[in-house]
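Here the protein sequences line up with chains A and B, keeping their order.
The numbering used here numbers the first residue of the first sequence as 14 and each following residue consecutively.
The numbering used here numbers the first residue of the second sequence as -13 and each following residue consecutively.
A quick write-up on the structure given underneath.
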Amino acid sequence: MDILLLVPILAPLAAAVLAAGVGWRRLSATVTVLAAVSVLVSGAVIGLHIESGARFGAGHLLRADALSVTMLVVIGTVGTLATWASIGYINAELVHGHTDRRGADLYGVLVPVFLAAMALAVLANNIGVMWVAIEATTVATAFLVGHRRTRAALEATWKYVVICSVGIALAFLGTVLLYFASLHTGASSGNALDIDVLLNHAGQLDPAVTHLAAGLLLLGYGAKAGLVPFHTWLADAHSQSPAPVSALMSGVLLSVAFASLLRVKSIVDLALGTGFLRTGLLIVGLLTLLIAASLLMVQTDFKRMLAYSSMENMGLVAVAAAAGTELAIAALLLHVLAHGIGKALVFLAAGQLQAAHDSTAIGDVTGVLARSALVGTAFAIGLAVLLGLPPFAMFASELSISRALAGANLGWALGAALLLIVIAFAALVRGGSRMLLGPECPGAPAIVVPVSVGAALLAGIVLSVALGLTAGPLSQLFHTAATQLGATP
Amino acid sequence: MTEGSYTGVLELAAGAFLLTAVLVVWRRELQAIVVLLAWQGVALAAIPLTEGLQQGDAALMTVGVVVLVLRAFVLPFLLARAVGTEPCERRESTPLVNTTASLLITAALTVLAYAVTRPIIALDPSPATRAVPAAFAVILIAVFIMVSRRRAVSQAVGFMMLDNGIAATAFLITAGVPLIVELGASLDVLFAVLVLGLLTGHMRRAFGGTDLDQLRELRD
């Protein structure tokens, strides 16, 4: 059974090797979709037996608990939608001359490598290996962000690589300090960074050194999760990437980085009590919400608008993590999954709008609902998910997060967060309704939807509605994850 | 190696490590900066080599050799190639902070590094740990270089110095991280520098230079 833990990592890697061999073809692209599906399926199968505790694989290198399973489900679901849509998206880019054969080949290799790195990040037992995997996502996505090779794309890539590498380097320094503290609790050098060992010895970690390490880890993984102060790469990278990559970065990468932070939190809370990271997460979470809400108000570019909406959601997730109760963590995980699917929908729809108009200005793209039923509906439903409207899942998760914050005596944080969410809500409604319902420009181009993109959009709509109606066995999984992370009931 | 000479060599290496960082702040010729970075790599590799020799740890010495090859030769070579194809851009453009102020800031950052690292030394007051402030100072100076320089190559140098500083910290306080992490981290850094090198080339073709002040299309 341990071999099962290798599937989510090896399946995408195999797809990458195939793509490197044969280039961008229907075959390699389809195999990549299958690899993403196998991440989802293996995650679900591992999840069947996860309540009894964590499982180990590949010696003691890999470890799966309910958080890993949750994140594998997120990676698998959004990954399937995004890689499926990639087929039509990249073929259209090739036809329009926005990319060339070599660009398409590179895309075909890097996307599955990106998926494999994220799967490794959530399955690694060693927090050093987890760090290596997160940094590997930066390397894998660099040329995906710069896919179009325009000036703006290069600028976004440079900022992305430099800011994320510096941020994540701080997380490495934090990891080194945690290793140092762990060695002094008597752990052997081979396993002092293993999550199970750290959890067992957390009570003996030197508090002063752990404070320093925790601060650095919060800043470092926060950089990849789009949190203040290293958030400045996010809007540029999300707006310049090809649409399926934006969907993956926004819907999955941010939350995978945040899951790393949750792991660190479960260790640090045992060593220092919950106070230290609660304060840290509240500060970065609320500041992130503030920046996202204020920039959403002045946004005229729809891909940047969606990017700031991701920042807003990560800010809220950070505030929820600060509350740290079982209710808060379970709600946060539902929020992450619902946001992933919703963001995939809007970004994939936005990709077709960008392809049709060759522009990402809100003012250039109006009357979408009247012009294309599928893209319009997908964008509208995705937006409704992100706005937290019932019956979609983010309504339930935001309600639970509010209750959890009130229950944790963080009423003031709840008030501040709600105010900022209302501002962001208004800004999203304004931008979204103008695009969907605004007066149609005469001579507006036809919105073409390739078959695979259409299929992915339909699947995304179905998933969003289904998750809104019932989270089913998932809610049990989220609560198990919260308990395993040491959340208080 | 006697205890005294071990401490001496370690302190010399840490001192040279910090000195190269200060010299990078002082110099503006890109070629000279890359050479200094290579010397910093040598000073960094000296730390695990000395510790390995002292403790008779063959694995640590092997890591030291890998560090030497990677950080004193391969990475600076990759950067030197990026500078070499840049005939009109061999110097850092007018700095945001002048040299005197930069050196004063460097001194302040070094003092700060001593303050920040006190808990580390308190936990394990060994000769190696006592040298940690030098490594932390390099980390802080590297961040300062990244925010105050405007050439793409200078930012790449800052990133590599940051990484050197973190590696030095790891060698000084824990005799290096576990091998699998060390290998993974080195590979990541190598790829990151390769990506930055390739990007420099793309940017030069697109912008006609690598002055990062030209990166201002994307803003809110």
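Heads up, the beta-carbon is just placed ideally off N, CA and C, and yes, glycines get one too.
Just so it is clear, the structure is predicted and the values come from calculations on it, not from any experiment.
* Once you ignore the five residues that flank Ala343 of chain A on each side, which residues in its own chain have a CB closer than 6 Å to its CB? -> Phe491, His492 and Ala495
* To do: Would you identify the three-state DSSP class for Leu500 of chain A, choosing helix, strand or coil?
  => Sequence inspection shows Ala at residue 500 of chain A; the Leu mentioned does not correspond to that position. Coil, per DSSP.
* So does Ala341 of chain A have its beta carbon nearer than 8 Å to some heavy atom of the ligand FAD? -> The model depicted lacks the ligand FAD and carries no ligand whatsoever.
* Other residues of its chain near Ala333 of chain A: CB distance less than 6 Å, five sequence neighbours each side excluded -> Ala341, Leu345 and Ile414
* Residue ranges of each beta strand (DSSP E) within the stretch 29 to 79 of chain A, 3 or longer -> 68 to 70 and 75 to 77
* To do: Report the rounded CA-to-CA distance for Arg67 of chain B versus Val124 of chain B, giving the unit in angstroms.
  => 24 Å
* **Short Cβ contact (9 Å threshold) for Ser385 of chain A with Lys356 of chain A** => no
* Asked: In chain A, which residues lie with their C-beta within 8 Å of the C-beta of Gln26 of chain B?
  -> Near Gln26 of chain B there are no residues of chain A at all, since even the closest Cβ is about 16 Å away, more than 8 Å.
* Hey, how far is the Cα of Glu148 of chain A from the Cα of Gly141 of chain A? -> 11 Å
* **Sequence-distant residues of the same chain with beta carbon closer than 7 Å to Ala205 of chain A, five excluded per side** => Tyr192, Ser195 and Leu196
* Note down, in chain order, every chain B residue with its Cβ under 8 Å from the Cβ of Asp503 of chain A. => This structure leaves residue 503 of chain A out entirely; chain A is present only between 14 and 502.
* Please list, in chain order, all residues of the same chain as Thr155 of chain B whose beta carbon is under 7 Å from its beta carbon, the five residues on each side excluded. => Val118, Ala121 and Phe122
* Spell out a yes or no on whether the stretch 232 to 250 of chain A and the stretch 266 to 278 of chain A are touching, meaning 3 or more CB-CB pairs, one atom from each, closer than 8 Å. => yes
* Check whether the Cβ atoms of Ile152 of chain B and Ala114 of chain B lie closer than 9 Å to each other. => no
* Outcome for Glu325 of chain A when other beta-carbon atoms lying within 10 angstroms are tallied against a minimum of 16 -> buried
* Asked: Can you pull the DSSP bridge partners for Asn545 of chain A?
  -> Residue coverage of chain A in this structure runs from 14 to 502, which leaves residue 545 of chain A outside it and unanswerable.
* Asked: Would Thr112 of chain A pass as a contact of Arg38 of chain A if the rule is Cβ separation under 9 Å?
  -> no
* Asked: When you compare only the Cα positions, how much space is there between Met164 of chain A and Ala95 of chain A?
  -> Checking the sequence, you will find Arg at residue 164 of chain A rather than Met. Cα to Cα, the separation comes out at about 25 Å.
* Would you say Ala336 of chain A and Leu266 of chain A are within 9 Å of each other, going by their C-beta atoms? -> no
* Asked: When you check each C-beta in the stretch 169 to 195 of chain A against every C-beta of chain B, which residues fall closer than 8 Å?
  -> Ala169, Thr170, Trp171, Lys172, Val174, Val175, Ser178, Val179, Ala182, Phe185, Leu186, Thr188, Val189, Leu190, Tyr192, Phe193 and Ala194
* Asked: From Leu198 of chain B to Gly328 of chain A, what distance separates their C-alpha atoms?
  -> 29 Å
* **First through last residue of the alpha helix (DSSP H) which encompasses Glu339 of chain A** => Glu339 to His370
* Opposite Ala374 of chain A in the DSSP bridges: which residues? -> A:Asp314
* Asked: Can you name, in chain order, every residue of its own chain whose Cβ lies under 6 Å from the Cβ of Pro255 of chain A, other than the five neighbours on each side?
  -> His160
* Using the beta-carbon count (16 or more within 10 Å), is Val167 of chain B buried or exposed? -> buried
* Taking 9 Å as the CB-CB limit, is Gly36 of chain A close to chain B? -> no
* Asked: Rounded to a whole number of angstroms, what is the C-alpha to C-alpha distance between Leu126 of chain B and Leu366 of chain A?
  -> 44 Å
* Flag this pair as touching only if the stretch 83 to 95 of chain B and the stretch 170 to 183 of chain A have three or more C-beta atom pairs under 8 Å; answer yes or no. => no
* **From A:Asn139, A:Ala250 and A:Ala221, residue whose alpha carbon lies closest to that of Asp207 of chain A** => A:Asn139
* Could you pull out every residue in the same chain whose Cβ sits closer than 7 Å to the Cβ of Val49 of chain B, ignoring the five residues on either side in sequence? => Pro34, Gly162 and Glu168
* **Same chain only: Cβ atoms within 7 Å of Val108 of chain A, ignoring 5 sequence neighbours per side** => none
* Asked: Using the rule of at least 16 other Cβ atoms within 10 Å of the residue's Cβ for burial, across every protein chain shown, is Asn150 of chain B buried or exposed?
  -> buried
* Any chance the stretch 461 to 469 of chain A sits against the stretch 300 to 314 of chain A, with 3 or more Cβ pairs inside 8 Å? -> no
* To do: Assign Arg181 of chain A to one of two classes, buried (16 or more other C-beta atoms within 10 Å of its C-beta) or exposed (fewer than that).
  => Going by the sequence as given, residue 181 of chain A is Ile instead of Arg. Looking at its Cβ environment, which holds 16 or more other Cβ atoms inside 10 Å, Ile181 of chain A is buried.
* Asked: Looking at Ala31 of chain B and Val51 of chain B, is the spacing between their C-beta atoms short of 9 Å?
  -> yes
* To do: Go ahead and pull the three-state DSSP assignment for Arg504 of chain A.
  => Since the displayed chain A opens at 14 and closes at 502, residue 504 of chain A lies outside it and no answer follows.
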